[in-house]
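S.K.:
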Amino acid sequence: MKLAIINGPNLNLLGTREKDIYGNRGFTEYLEELKSKYTKIELFYFQSNIEGEIINKLHELGFTYDGIILNAGAYTHTSIALADAVAAIKTPVIEVHISNVFAREDYRHVSYLGAKCRGSISGFGLKGYEMAIHSFIS
Ligand code: DQA
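If you're matching positions, the sequence shown starts at 7 in my numbering and goes up one per residue.
(1) Rounded to the nearest angstrom, how far is the Cβ of Leu9 from that of Leu49, given a contact under 8 Å?
(2) Only counting the same chain, and skipping five residues up and downstream in sequence, which positions put a Cβ closer than 6 Å to that of Gly125?
(3) I want to check one thing, is the minimum distance from the CB of Val99 to the heavy atoms of the ligand DQA below 7 Å?
(4) Between which two residues does the alpha helix (DSSP H) carrying Ile60 extend?
(5) Can you tell me whether Leu17 sits near the ligand DQA, meaning its C-beta is under 7 Å from at least one heavy atom of the ligand?
(6) Measuring alpha carbon to alpha carbon, tell me which residue in Ile12, Val92 and Ala89 is nearest Phe33.
(7) Taking only heavy atoms of the ligand DQA into account, decide whether any of them is closer than 7 Å to the Cβ of Ser85.
(8) Alpha carbon to alpha carbon, how far is His83 from Glu111? Give it in angstroms, no decimals.
(9) Starting from Phe50 and walking both ways along the beta strand (DSSP E), at which residues does that stretch end?
(10) If you compare alpha carbons, which of Ser128, Leu132 and Gly58 is closest to Lys25?
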């Protein structure tokens, strides 16, 4: 099974950025843990701070991969272009947020992606990515 995790803007700073909200752990370390736990899954990782690069990656993977786990960061709340890209591809996408976006500022309560995704996971920390993997493999 081929799964991809795509992280959007500022998520390269996990472990450094607003630790009270996003925790102490860097994503690379967490990714290694996931890879060693799910050895049968081909797990591809991509992070970009640039909207168009995320859209290009969705187009590139979105016709051959079995699932995409997408944390689009703040683009979630702003980007119709990303929502259109999710709608345009064949691969199912699960939206993940580390923090509980519904317990935060009002502008984070809106997701342009949610309606185009298979489902959304929010508020479970990094564990949310693993929950998404589980939903693809079960
Ligand atoms: C986030 C939530 C977004 O509102 C925020 O802009 C992020 C991270 C999360 O994982 O909780 O960058 O997607």
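All C-beta atoms in this analysis are idealised placements derived from N, C-alpha and C, irrespective of residue type, glycine included.
M.R.: Let's see:
(1) Residue numbering aside, residue 9 sits at position 3 when the sequence shown is read from its first letter. Residue numbering aside, residue 49 sits at position 43 when the sequence shown is read from its first letter. About 6 Å; that satisfies the 8 Å criterion.
(2) Along the sequence shown, read from residue 1 onward, the residue named residue 125 stands at position 119. Once the five neighbours on either side are set aside, the close Cβ partners of Gly125 are Ile100.
(3) By 1-based counting over the sequence shown, the position of residue 99 is 93. No, since every heavy atom of the ligand DQA falls outside the 7 Å radius drawn around the Cβ of Val99.
(4) Position 54 of the sequence shown, counted from the start, is the residue given in the question as residue 60. Glu57 to Leu67 is the extent of the alpha helix (DSSP H) around Ile60.
(5) Counting from 1 along the sequence shown, the entry for residue 17 is found at position 11. Yes, Cβ of Leu17 sits closer than 7 Å to a heavy atom of the ligand DQA.
(6) For the purposes of this step, residue 33 is identified with residue 27 of the sequence shown, where counting begins at 1. The residue with the shortest Cα to Cα distance from Phe33 is Ile12.
(7) Numbered from its first residue, the sequence shown carries residue 85 at position 79. Ser85 Cβ: outside cutoff for every heavy atom of the ligand DQA.
(8) Here the question's residue 111 lines up with position 105 in the sequence shown. Here the question's residue 83 lines up with position 77 in the sequence shown. About 11 Å.
(9) Against the sequence shown, residue 50 aligns to sequence position 44. Where Phe50 is concerned, the enclosing beta strand (DSSP E) stretches over Glu48 to Gln53.
(10) Locating residue 25 in the sequence shown gives position 19, counting from the first residue. For Lys25, the nearest C-alpha among the options comes from Leu132.
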